[in-house]
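Residue 4 is where the sequence shown starts when you use our numbering, and the numbers rise one by one after that.
Positions of the beta carbon are idealized from the N, C-alpha and C atoms, including for glycine.
First the structure, in the form of structure tokens, and then the observations on it.
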Amino acid sequence: MGYWGYFVVGRGERPLAELDALAGAAPGMTLRISAPRGWQVWEYPGGEGDVGNMNDLARETGAPALFGYVMDSDCVVVEAAAPESGAWTTCLARAAMAGRLGAQQEGLTLEDYFLEPRDAADRAVFWAEEAGHAASAEDLLEVLTADPDPPPLSSSLERGHPLAENLFFRLLDRLGVVPE
């Protein structure tokens, strides 16, 4: 079984877990990374509960915010918002996400839920600009269309389960938020 949980990304002078936008999740959140210019990555493990609203977080901090919901280390739902450029949603590890959705919602496609990779890359460039970073749509597109890399060979010479959360952190790197 892989990882289930949220990564909450935002910029602020105070810890994000102290903000009203994340009040419901604050007791279960753990700071994973503090990065330059006030960027913070918090973790909220598990698939249960309400982590908050990234639109509210962007509004409260006055800066772009991003949530990544990792589903069994197979795929990631990415929700982003910024005060000026608005909100958008996409996913990472699209084939795995399509498999999950296909098993649950017949007749609907991935594009019914998420932006296509090219559109998501374009929106991500605007998100990064609003965050004060330069991002390449082509570099972002590479992450948005990638499959998760399998972990290195273990001592038993078997590859482990690919980790979609690694794609999420690669996305943060390409957005200029947290170096990989």
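- Message: Within a Cβ cutoff of 8 Å, which residues of the same chain sit near Pro-182, ignoring the five residues on either side of it in sequence?
- Response: Ala-38 and Asp-176
Fill in: Proximity below 8 Å, CB of Leu-178 to CB of Ala-127
yes
**Study point:** Element boundaries [beta strand (DSSP E), containing Phe-10]
**Key:** 8 to 14
_Quick check on the DSSP output: the alpha helix (DSSP H) that includes Arg-62 runs from which residue to which?_
57 to 64
query: Per DSSP, Ala-83 is paired with what?
result: Leu-69 and Trp-91
- Taking only the alpha-carbon atoms, compute the straight-line gap between Gln-43 and Glu-82 and give it to the nearest angstrom. 16 Å
* Asked: Can you round the beta-carbon distance between Val-54 and Val-11 to whole angstroms, since I take them to be within the 8 Å contact cut?
  -> 6 Å
* Beta-carbon gap between Ala-61 and Cys-78 smaller than 8 Å -> no
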